[in-house]
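Using the numbering used here, read the sequence shown as starting at 2 and increasing by one per residue.
We put the beta carbon where it would ideally sit given N, CA and C, even for glycine.
What follows is one structure encoded as structure tokens, with my remarks underneath.
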Amino acid sequence: MERDLATTLQANKKRVVKDKLVKYGVTIGGTSVLVTLLLIFGYLLYVVLPIFAPVSIEQKQSFQRQDSTPIYALGIDEQNEVAYQMDDQGLLSFYSLREDDLGKSLLKYQAFTETHNITKTMPVNGMFALANNSGEVKVIKPSFVTSYPNDKRLITPEVSFPLGEERFVVSEDKQALTHLSFEMNSEYAGIAAVKSNGEGVFLLLTAEEDFMTDEVVWQQEKFKLPSFPNKVDQLLLTPNLSKLFVRSGNDLLVYDISESDDIHISSVFKINATGSNVNDVQLLTGASSLLVANENGVISQWFEVLSENKREFTYIRDFKAPAEVTSIVPEFFRKGFLTTTKAGDLSIFHSTGETELLTESISKVGSLVIAISPRANAILVADKDVIKLYHVDNEHPEITWSALWQEVWYEGYPEPQYVWQSTSASDDFEAKMSLVPISFGTIKAAFYAMLFAVPISISAAIYTAYFMAPSIRTYIKPTVEIMEALPTVILGFLAGLWLAPIVENQLPGIILLLISLPASVLVAAIIWTNLPTSLSEKVSEGVLPLVLLPILIATGYFSMAFSETLEIWLFNGDTRMYLTNELGINFDQRNSLIVGIAMGFAVIPTIFSIAEDAIFSVPKSLTMGSLALGATRWQTLAKVVILTASPGIFSAVMMGMGRAVGETMIVLMATGNTPIMDWNIFEGMRSLSANIAVEMPESEVGSSHYRVLFLAAFVLFLFTFFFNTIAEFIRQRLREKYSSL
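Structure (structure tokens):
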């Protein structure tokens, strides 16, 4: 007796220890999961938040100017160690920005003893064209050579000559040039000028290599600009030498100079803001957009838009400076620009985001001359007596709320659109990072997958749990659950390389299959119910699917075999061409239908398993009580079983939805990965997860692209959190409502 009591006490102690171990294990495991989720959430925020940080500038250095000649332009090297200035007399001066020799003169160069006119190219080209009083032009380029003597970086300034040191005669009658514009590319260079008599000329220089000396020789052609206005305020050339812009007051004349034998005015239009006059026009980086500054501080953006089979310059958007703008300085490689005002204000804008990033008063003297560094991380400012260097913290100007979630009118597009197009080899590219198309693609893929999976999986779960014979259920349920372990990369591979070509070539058969399979089941059911009772009772109700399988297989075979004939009868032998030409429906081989089938196949086991468990777990007493009260099996199923199991069924559907939203490999391999917004089932999409998988390997760490991809991951995280929260809320309401059954 005492031994039994001791044994019982010892067993109870072991049980208590086990209970505590299990309790602590579950607590630690659950807490670890929550902590992990919070860490993931925190890390995503850590990477994403810098793109929304405000822009700031901070003065780093300043020194007194050594001369009082008005400055025409400033420049700075990539490392912000050497700067240069071009004064109104054509003197190019380099000086140091290093702390140990701040303001020290490094090099000076004078192109002409008397410089009459100066023009500068787009910032990325960084060249100056200088004209003397006799109408001769010389092109120079401030350059920087980096070396590392004694393992220490040394930046040495020098002056290069892109067209050689020769002078180009623009005015053969030795007239002075009142206005001047110059641009060049790898093959051509162009000089547009206005002579003192008001005549407009264009000098085209073509590079030809001397096969004897390998030297580049510039061949010259001169053209008179037709219908030239009497008054000219500005000339602007595009770097590709296709257009010349001539501003005359508030009017802008656009010359088409792409064909030298057909130079003509392509358009003339007003560019001033309402109730104001224009005081400056500049080309934005890439030379596709015009920035027009008005006396009232409004800066408007214009670019060509295709309208009625003709490209015309169109007003797009505007920005507001605090006062009258004195200069516009575009960035080197981004779609941002800086402005200065007569009051000494500096403003930073970004065109794509339609955003004013910063406005700050940096001088009380008045008009400023500024230059931005190639990396856009420093600004050099010259007022009357002092030159200042500012550090700029402006890493991600293109990422704004409007650029991410609202329609944006991008350069060359006919209208504002949602576009994801993040990468290009060109520096002139305008990054398009709208998350709307890829968020839409995520929802679209999940929608078609659920449209395919939910009816099949729920119906299968109901039949397996409620009607199927237990002997068959023991095989069916584990088999379907094993399907869940099938790698999705295999499903994506099969969908993209096997299923997609079949659907494309047998599309009429696939469409017929969607109609014939349900119809064949209905016909089989009608025939079965009309069979003699003596015959139908020989087959157990639980094994009826085995009778139906041959019918479904035969229906599928005949549907696919009839596909070619149906295509000839209804679609003139080419279903794809018929859809495109007659119905206006685009067809891609890898489309939403493929994704719906493949991803639905992957989601079915998840929904089936949870829903089947929920239905099978409904107490038998409820079923028996309903049947005892006279309800039929179908009435019992609809009024008792499904309602009682509805929390579990809904949870199954939402689990499947979460699986579909987060799926990567199937969407990646079974669609064209085109970020378009169209519910067309025959077109593809790009989802958030697939976009991250495709573009993360090529993104630069810390770049805007990199951080926006993490933002996409954060949005995907919120999607799943939202669906799970809603699912849990509805599940609890359903449980409370039907728990009394």
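- Query: From which residue to which residue does the beta strand (DSSP E) around arginine 312 run?
  - Reply: 311–321
- Message: Please state the DSSP three-state secondary structure of glutamate 729.
- Response: helix
| message | Is the beta carbon of lysine 389 closer than 8 Å to that of tryptophan 680? | response | no
Are the CB atoms of isoleucine 349 and alanine 322 nearer to each other than 8 Å?
no
Which complete alpha helix (DSSP H) runs does the segment 578–628 hold, if anything under 4 residues is left out? 593–617
By DSSP, does aspartate 1 sit in helix, in strand, or in coil? Since the first residue shown for the chain is 2 and the last is 742, residue 1 is missing from the structure and cannot be characterised.
Completely contained beta strand (DSSP E) runs for the segment 482–548, where each covers 3 or more residues: none
Start-to-end residues for the beta strand (DSSP E) that takes in glycine 191:
189–196
*asked:* Given this structure, state the Cα-to-Cα distance separating methionine 655 from isoleucine 667, to the nearest angstrom.
replied: 19 Å
- Item | the segment 56–65 in contact with the segment 89–108 per 3-pair CB rule at 8 Å | yes
Based on the DSSP secondary-structure assignment, which residues constitute the bridge partners of valine 279?
-> Asn295
Q | Beta carbon of phenylalanine 453 nearer than 8 Å to that of isoleucine 608 | A | no
- prompt: For isoleucine 156 versus alanine 372, is the C-beta distance shorter than 8 Å?
  reply: no
- prompt: DSSP three-state call for alanine 74: helix, strand or coil?
  reply: strand
- Tell me whether the beta-carbon of glycine 191 lies closer than 8 Å to the beta-carbon of leucine 206. yes
Problem - Closest residue to isoleucine 477 among Leu571, Glu613, Phe270, Thr675 (Cα-Cα distance) - result: Glu613
- Item | CA nearest to the CA of phenylalanine 145, picked from Ser374, Asp174, Ser403 | Ser374
For methionine 87, the residue or residues it bridges with in DSSP
Ala74, Leu93
Open item on the list: Restricting to Cα atoms, I'd like to know which of Gln422, Phe441, Val481, Phe304 is closest to phenylalanine 602.
Closed with: Val481
>> Taking the beta strand (DSSP E) that glycine 201 belongs to, which residues open and close that run?
In response: 201–210
Whether serine 627 touches glycine 442 by CB criterion (8 Å): no
Handout entry: Backbone CA spacing between aspartate 429 and threonine 356 [nearest angstrom]
Key = Note that aspartate 429 scores 47 on pLDDT, short of 50, meaning its location in the model is unreliable and no value can be drawn from it.
Problem - Host beta strand (DSSP E) of tryptophan 219 (start-end) - result: 217–225
**Asked** Span of the alpha helix (DSSP H) holding alanine 432?
**Response** It is not in any alpha helix (DSSP H) - alanine 432 carries neither H nor E in the DSSP assignment.
Based on Cα-Cα distance, which residue from Gly354, Ala383, Gly659 lies nearest to lysine 365?
Ala383
| Where glutamate 184 falls: helix, strand or coil (DSSP) | strand
Valine 366 in three-state terms, based on DSSP: coil
Can you tell me whether phenylalanine 468 is helix, strand or coil according to DSSP? helix
Local conformation of valine 125 per DSSP, three classes
coil
**Report entry** Residue environment, valine 455, which counts as buried when at least 16 other CB atoms sit within 10 Å
**Finding:** buried
- [ ] From the DSSP output, read off the bridge partner residues of asparagine 118.
- [x] Ala132
- Query: Can you tell me the Cα-Cα spacing of proline 150 and leucine 98, whole angstroms?
  - Reply: 19 Å
Within 8 Å (strictly less), CB to CB, does valine 709 reach chain E?
-> Protein chain content of the structure displayed is limited to a single chain, and chain E is not contained in it.
Beta strand (DSSP E) segment containing valine 668, residue limits
No beta strand (DSSP E) holds valine 668; the alpha helix (DSSP H) holding it covers 666–671.
Hey, out of Glu305, Val233, Lys244, whose CA is closest to aspartate 281's CA? Val233
How about the segment 516–528 and the segment 619–635: do they share at least three Cβ pairs that are nearer than 8 Å? no
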